[in-house]
Each structure stands twice: as C-alpha cells, then as structure tokens.
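With positions in the sequence shown counted from 1, the corresponding number in this note's numbering is that position plus 495.
Even glycine gets a Cβ: it sits at the ideal position worked out from N, Cα and C.
First up is the structure itself, then whatever we jot down about it.
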Amino acid sequence: MTIEQAVLENLRELPTDKQQEVLDFIQFLKHKLPPNKPTFNSDGENFWEMTLRFRERMEREGIEFTDEDFANLRDRTPGREVEL
496 MTIEQAVLEN
506 LRELPTDKQQ
516 EVLDFIQFLK
526 HKLPPNKPTF
536 NSDGENFWEM
546 TLRFRERMER
556 EGIEFTDEDF
566 ANLRDRTPGR
576 EVEL
C-alpha cells in the first residue's frame, strides 16, 4: 500500500470536521514549500481568485484583523548608511 492509499483509507474513516482539519494541515504544509508558480495554484486559480477564496474563509471562520494587529510591526531602525 502506498502512502497516498493509506492516507485516503484513513481519511475516509474520519468524520467530516476531522477531514477538514487534515485538509487544512495539508494546505499549511504546502504553504511552507517553496513556491513554484507565483500567481497560479495547481487548480489554475489566479491571484485574485485565491484572494477571494482566502477572504471567504476568513469570514466563514470569523477571523478578523484590526489596526492593533499590525501596530509596531515596522522596523523603525534607520538601516544602513549609504555613501554616494
């Protein structure tokens, strides 16, 4: 039995909510891989379609960002000196 067959066999035995968790984890792992196509995924989605899907998922899961989430993220150091 291949890994793919074993995964599918075990996946089919899980309830739907646990199958979704498996899918989320797979997508997380794929996200960690170096990108091979910067604007299209394997389903042919372009950047805009992926953005819309991301926003729909954020709404569905009730995830909200506020300005406070992004406060103090900028590196305020002056950087390196440049001599011209």
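- prompt: What's the gap between the Cα of residue 564 and the Cα of residue 557?
  reply: 15 Å
- request: If I'm right that residue 506 touches residue 517 with Cβ under 8 Å, what's the distance once you round it to whole angstroms?
  value: 6 Å
Cα-Cα separation, residue 515 to residue 567: Each residue's alpha carbon lies about 34 Å from the other.
query: Which residue's Cα is closest to the Cα of residue 522: 500, 569, 549, 504?
result: Residue 549 is the option with its Cα nearest to residue 522.
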